[in-house]
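Sequence lines, in order, name chains F and X. Take 1 as the starting number for the first sequence in my numbering and just add one per residue. Take 499 as the starting number for the second sequence in my numbering and just add one per residue. See below for the structure under consideration.
There are 2 protein chains.
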Amino acid sequence: MWSWIRSPLKGKGLPGLDGIRKRKWSDLFGDNDDSEGKGHQTKVQMTCGVHGTTADLSRLVPYMTLLGIVAASFISIVDIFTHVIFEARKRVSVDITHGAVGYVIYVSSGVLLCLLSTLVCQQWSKEAEGSGLPQMKSIMSGFHDKLRNSLAVEALAAKAVGLICAIGGGLPVGWEGPNVHMSCIIAEYLSRIPYFHSLRQDKALRLQMMACACTVGLASSFGTPIGAVLYALESTSSFYLVPTFWKSILATISGAMVFDIWYKTPVAEAFENTTFGPDDYRRSQLILFCLLGTFMGIVGAFFVKCTHEVYQFRKRRLTYLSNRFVLVGVVALVSGLAQYNNELLRIDPRKAINELFSSNAMQLMTYSDVMFLLLIKFPLIAVCVGLPIPGGVFISSFLMGAGCGRLYGEFLRTVFGPSIVPGLYAVVGAASLAGGVTRALSCSVLIFEVTGQISHMMPILVAVLLSVTVANSFNQSLYDTLIVMKVRKQDNKRFPEP
Amino acid sequence: MWSWIRSPLKGKGLPGLDGIRKRKWSDLFGDNDDSEGKGHQTKVQMTCGVHGTTADLSRLVPYMTLLGIVAASFISIVDIFTHVIFEARKRVSVDITHGAVGYVIYVSSGVLLCLLSTLVCQQWSKEAEGSGLPQMKSIMSGFHDKLRNSLAVEALAAKAVGLICAIGGGLPVGWEGPNVHMSCIIAEYLSRIPYFHSLRQDKALRLQMMACACTVGLASSFGTPIGAVLYALESTSSFYLVPTFWKSILATISGAMVFDIWYKTPVAEAFENTTFGPDDYRRSQLILFCLLGTFMGIVGAFFVKCTHEVYQFRKRRLTYLSNRFVLVGVVALVSGLAQYNNELLRIDPRKAINELFSSNAMQLMTYSDVMFLLLIKFPLIAVCVGLPIPGGVFISSFLMGAGCGRLYGEFLRTVFGPSIVPGLYAVVGAASLAGGVTRALSCSVLIFEVTGQISHMMPILVAVLLSVTVANSFNQSLYDTLIVMKVRKQDNKRFPEP
Chain F
1 MWSWIRSPLK GKGLPGLDGI RKRKWSDLFG DNDDSEGKGH QTKVQMTCGV HGTTADLSRL
61 VPYMTLLGIV AASFISIVDI FTHVIFEARK RVSVDITHGA VGYVIYVSSG VLLCLLSTLV
121 CQQWSKEAEG SGLPQMKSIM SGFHDKLRNS LAVEALAAKA VGLICAIGGG LPVGWEGPNV
181 HMSCIIAEYL SRIPYFHSLR QDKALRLQMM ACACTVGLAS SFGTPIGAVL YALESTSSFY
241 LVPTFWKSIL ATISGAMVFD IWYKTPVAEA FENTTFGPDD YRRSQLILFC LLGTFMGIVG
301 AFFVKCTHEV YQFRKRRLTY LSNRFVLVGV VALVSGLAQY NNELLRIDPR KAINELFSSN
361 AMQLMTYSDV MFLLLIKFPL IAVCVGLPIP GGVFISSFLM GAGCGRLYGE FLRTVFGPSI
421 VPGLYAVVGA ASLAGGVTRA LSCSVLIFEV TGQISHMMPI LVAVLLSVTV ANSFNQSLYD
481 TLIVMKVRKQ DNKRFPEP
Chain X
499 MWSWIRSPLK GKGLPGLDGI RKRKWSDLFG DNDDSEGKGH QTKVQMTCGV HGTTADLSRL
559 VPYMTLLGIV AASFISIVDI FTHVIFEARK RVSVDITHGA VGYVIYVSSG VLLCLLSTLV
619 CQQWSKEAEG SGLPQMKSIM SGFHDKLRNS LAVEALAAKA VGLICAIGGG LPVGWEGPNV
679 HMSCIIAEYL SRIPYFHSLR QDKALRLQMM ACACTVGLAS SFGTPIGAVL YALESTSSFY
739 LVPTFWKSIL ATISGAMVFD IWYKTPVAEA FENTTFGPDD YRRSQLILFC LLGTFMGIVG
799 AFFVKCTHEV YQFRKRRLTY LSNRFVLVGV VALVSGLAQY NNELLRIDPR KAINELFSSN
859 AMQLMTYSDV MFLLLIKFPL IAVCVGLPIP GGVFISSFLM GAGCGRLYGE FLRTVFGPSI
919 VPGLYAVVGA ASLAGGVTRA LSCSVLIFEV TGQISHMMPI LVAVLLSVTV ANSFNQSLYD
979 TLIVMKVRKQ DNKRFPEP
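In structure tokens, the structure reads:
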């Protein structure tokens, strides 16, 4: 029975093994007459990183599975530690103590944690500072050897501890960039296991391994396998190796299983699925969503510009902040002082996003709260991007976009009546601000997976496309801007680091 | 204000314009010292098909938008004609006349329509026969000039009329392959408009245009923009040009708007969104879904093998069927005779799939009906794949997979009790059988978009991955098998066509 199905059209296991298909193509078009002979075999061996061979599979499949499981577990553990510190700090300063004592405890613990984060990065690895996505982007573009320091185990330790302290300390930084970085380091070290040594030899495979690691890191940040695969595709500079696709899917599925198990436990905060009905979006509203997308594109470009300007201003004028500890301490102090009095500013961003996305009226917040949140968070986030601590910006832009979208939706609801569902505008706002900041169209897919709903894809896709286009017509993506900032620093040495 | 945001980090509109990013990369790593000079500009001009330039944009954006709108409109019109003929035939033979008269009318009209479909293909263009996806796959792999006949306007006309007649005539063929083919022909003819002539000159752009057309065709078949983009990515042989991504998204969004408008009218049948609750899938059931995925992989491989064997058998033994009209007439006769007595076999596959996917008990069908449907349809579909009429196999494999999954789910429900939701098993079965037949992991994304739900992604992703892996270990995908069949025919001329 089995052999009957197999003969005479033999297959070879996983997709991407298109050696046979190749041969048939050349048979069909006759452009490779020695396809059955030695010439073809050499060609297949040469490109085995691209097409994969059966011998590779026995190493590749375990490697990708292991990568998914190990990276997702590591990321989940970091997230749980972060959450525990975050909650413990809140409990001690709000529930146990009150008033001035609580205030002092909250602010001082925040400052201490942020200073610890800075110390760890300074001592262990300066490569751990910042988002990590720009470096990983350049590694995926083939600059593997020139950024070897970024993939050291010291960077992993510094990134993990620094991230836990920074988020636990109350700074509004995201974890998706650091997660991607940590995942890439884990991929690098896993490939040093002797059994996987042969995979390291192949340069094409090594690029694919990094792309898969990037995917796993992003997928484990929000539980979004498909969006992460697409994001990695968009981050690649010009050519995407198609066999990376199944490898990424395999790795992210392994990772997503781990994610699934962790995030159904009560220790971690998770995104809730939205429940928009079929009538919550009407075609006539598309123009309103287009306006929102365009506006978010402008805000995204403005945010990138602000980040750049804040960084420049800090370097040129505020020379007394040139010591990294003073700098982080001051920002943490301001952040703690600003956030203590308002409960909303202290909650996990995922909780706030769930609230903003909800299709019903908001329970925790009022409109003025949302506006206050935006006004406080926007400058804080822009300042935090350039700090010498680990931290991304994805989740922050989600939060700001959701806030803007919700406000816009609530405003429209008072104008046009109850046919407007503000939660849907919050979803579109989140996706399109993230698109405006990162310039990735895959933000739309990320949001489908985050909300668990894809039935209202039209407004989200259109708004993200508009937002990315509008923002790109102003300036470059945040990650490219960060690279430019880094280049200036390295080239000119005009602004020496402490 | 605007110029402040823009300076000094200028952007250039749409994503994929990474000329600036390129330059910054080379600044960073110093591997291209003349990047500001002439050498770099030449490089950018050489690769303008890959990166796009501002001059191109004023043509590319209108082209992609137009492609999406025209192709989706054409496909929708074809679909509506199909639907009208399909329904008219049913009304005349069942509602107006009854018994023997109705039977004769149903069968004879079916045979006549199928013969018309064959005639059209024979007279206008033999390239219109079959799915069309294999040819488009080879065009996307760069064999553009060798398959010029496939992109003639005669093939478009034959494909459209032939498809309407074949589906209207009651043959269980799908429309996604023909849609992709029609969309590619439309892309070819749109690029002949003088304004878009410069786009045609660039070989890299031409490949991208075809990839976008393929995406639009698939997206317009089921209303699945993201899945279609991924499917086109997987169909590309080794390297995917990343700038194709935004072009595809732009084209499919334009197409999806048209699709959205048509399919909310009552003239066409559409997929309904599923409404599975958060408790409909529990992690402990994953092993059951894995079993289903594995089984569907075997069924998919078996189906491919059957298709191949039926074709071989027909060519070798049934020489009296070597005339194409006799062949199609006999199949249409058998199909009509078998389908008239059972209402289920006569309904639109989308309606049947909606029924099978529903989270409640089935309204139209009983379990024995589903089993009967599978037993009748499976051999019919396998026979129809090789017929000289236009017709794909995607929707048929969706239907069969949904049927198998539903039966499996209903069986499990009687064993394990009401915690099992058979509709979810139908969804997983549909995705994984489609994966087993086409060997595309993107079938999982297609099903997310078809059902409008992505909250239960884990079982679908795992089952599709398993199914594709298992099926690939037996034989090649259906499309590759079709190519092999075609190659044999062309090479050996052992089985001359009438």
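Every residue, glycine too, gets a C-beta built ideally from N, C-alpha and C.
Rounded to the nearest angstrom, what separates residue i and residue j at their Cα positions?
i	j	result
F:D33	X:E627	Low confidence applies to F:D33: its pLDDT is 35, below 50, so where it sits in the model is not reliable, and the reading given next is rough at best. In a straight line, the C-alpha of F:D33 is about 28 angstroms away from that of X:E627.
F:A228	X:L617	48 angstroms
X:Y977	F:F398	41 angstroms
F:C114	F:I164	9 angstroms
X:D846	F:S368	52 angstroms
F:R316	F:V299	25 angstroms
F:T252	F:S220	8 angstroms
X:R780	F:T65	22 angstroms
F:R346	F:Y320	29 angstroms
X:R504	F:F302	9 angstroms
F:A338	X:L688	58 angstroms
X:K849	X:Y838	17 angstroms
F:S93	F:S444	38 angstroms
X:H695	F:I186	49 angstroms
F:V484	F:L318	20 angstroms
X:C882	X:L610	16 angstroms
F:L482	F:K305	11 angstroms
X:L697	X:S856	46 angstroms
X:P886	F:M182	55 angstroms
X:L703	X:Y738	12 angstroms
F:S467	F:L327	33 angstroms
F:Q135	F:A430	25 angstroms
If you measure between the beta carbons of residue i and residue j, is that distance less than 8 angstroms?
i	j	result
F:A402	F:A426	yes
X:S574	X:V714	no
X:S623	X:E652	yes
F:L375	F:L344	no
F:M296	F:L433	yes
X:L963	F:L151	no
F:L147	F:I139	yes
X:A709	X:V576	no
X:G666	X:T734	no
F:P390	F:P172	no
F:S477	F:L230	no
Just mark residue i as buried or exposed, buried being the case when its beta carbon has 16 or more other beta carbons within 10 Å.
i	result
F:P243	buried
F:K203	exposed
F:G39	Low confidence applies here, because F:G39 scores a pLDDT of 38, under 50, leaving its location unreliable; read the following figure in that light. Burial call: exposed.
X:M499	exposed
F:E309	exposed
X:V599	exposed
X:S953	buried
F:D279	exposed
X:V759	Here residue 759 of chain X is Ile; the residue named in the question, Val, does not match the sequence. By the neighbour-count rule (16 or more Cβ atoms within 10 Å), X:I759 is not buried but exposed.
X:Y693	exposed
X:R587	buried
Judging by CA-CA distance, which residue of the options is the nearest neighbour of residue i?
i	options	result
F:N354	F:K137, F:L57, F:L67 and F:L424	F:L424
X:V948	X:W744, X:K588 and X:E770	X:E770
X:S615	X:F823, X:G934, X:F855 and X:I958	X:F823
X:M707	X:A730, X:P692 and X:T722	X:A730
X:P720	X:G672, X:L703 and X:L697	One detail in the question is off: residue 720 of chain X reads as Phe in this sequence, not Pro. The residue with the shortest Cα to Cα distance from X:F720 is X:G672.
X:T864	X:P920, X:L831, X:G933 and X:S971	X:P920
F:R59	F:C214, F:S238, F:Q201 and F:V437	F:Q201
F:L218	F:T307, F:I395, F:S335 and F:Y311	F:I395
F:Q312	F:G409, F:G177 and F:A382	F:A382
- Message: With three or more C-beta pairs closer than 8 angstroms as the rule, is the region 899 to 918 of chain X touching the region 775 to 790 of chain X?
- Response: Flag = yes, the region 775 to 790 of chain X and the region 899 to 918 of chain X touch.
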